[in-house]
Amino acid sequence: NTLFDRLVPDVMQDRTDRLALAAPAADALFAQAVGALDHGLISGEVRSVPIAAQDERPPLIVHLVPIRGAARDLFDRALAIVIVTPVVPAEVPTAEVLQGLFDLTPAEARVARGIGEGRTVEAIAIAFGISRETVRNQLKAVLAKTGLGRQVELAGLLAGAKVPPGSSAE
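In our numbering, the protein residues as written are 5 to 174.
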């Protein structure tokens with residue numbers, strides 16, 4: 005497919021004997037998994053192989069999913085399906101989106117976004133020209149409105165909160 009073709013030859017290599025990975029260490033793990041599958045040493049479990057980031061490309065995880073059961077009718081000459089997943093951090097939603105999601109004031113939303121981006125209370129205070137105590141008070145209000153108890157929970161929530169593509173909140 006088109007997405008897979010973009011990975012050739014920098015990530016994946018289509019060889020006559022088997023599909024290979026361009027990174028030698030990752031390919032050794034991939035070859036081991038393919039060999040185990042070919043010899044019937046693994047049944048239905050998915051094998052995953054990490055590939056380190058390179059230049060502008062994020063790290064990738066290559067999943068080797070064995071073909072079993074009725075799927076063999078469609079893929080009679082294949083042992084597995086290969087799925088390549090990029091590992092990219094989610095973008096923290098904008099302050100405006102956070103304000104709407106959690107009924108935050110504009111100041112609380114800016115503090116929440118700063119926490120989601122991994123900034124400290126001190127860094128947020130400096131960035132907005134306010135005292136640390138003001139940031140702490142706004143953070144307490146954000147935690148109360150989100151139902152969370154700790155700053156790290158807020159950071160985790162916001163780092164994983166993604167606005168769906170095409171939504172009006174982007």
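Quick reminder that beta carbons are idealized off the backbone N, C-alpha and C, glycines included. Predicted model, so just to flag it, every value in this text is computed and none were measured.
Using only alpha-carbon positions, find the residue among the options that is nearest to residue i.
i	options	result
LEU83	LEU45, VAL146, ALA30	LEU45
SER16	ALA40, ALA57, VAL66, GLU60	In the sequence as displayed, the identity of residue 16 is Met instead of Ser. Here the closest residue by C-alpha is VAL66.
VAL96	ASP9, THR20, LEU143, ALA163	ALA163
ALA56	ALA94, VAL156, ASP31	ASP31
PHE106	GLY118, GLY122, ALA148	ALA148
ASN5	GLU157, VAL88, LEU102	VAL88
ARG72	ILE85, ARG61, PRO62	ILE85
PRO93	LEU25, GLY133, ARG61	ARG61
Any idea what DSSP makes of residue i, helix, strand or coil?
i	result
ILE71	coil
THR89	strand
ARG81	coil
ARG10	coil
ARG117	helix
VAL61	Before going on, a small fix: residue 61 reads as Arg here, not Val. Strand.
GLY160	helix
How would you call residue i, buried or exposed, if buried means at least 16 neighbouring beta carbons within 10 angstroms?
i	result
GLN36	exposed
ILE128	buried
PHE79	exposed
LEU41	buried
LEU7	exposed
GLY120	buried
GLN103	buried
THR109	exposed
DSSP beta-bridge partners for residue i?
i	result
VAL66	VAL53, VAL88
GLN17	ALA24
May I ask whether a heavy atom of the ligand HEM can be found less than 6 Å away from the beta carbon of residue i?
i	result
ALA40	The ligand content of the structure shown is nil, which means the ligand HEM is not present either.
- [ ] Could you name each continuous beta strand (DSSP E) segment of 3 residues or more that falls completely within the region 19-54, going from the start of the chain to the end?
- [x] 23-25
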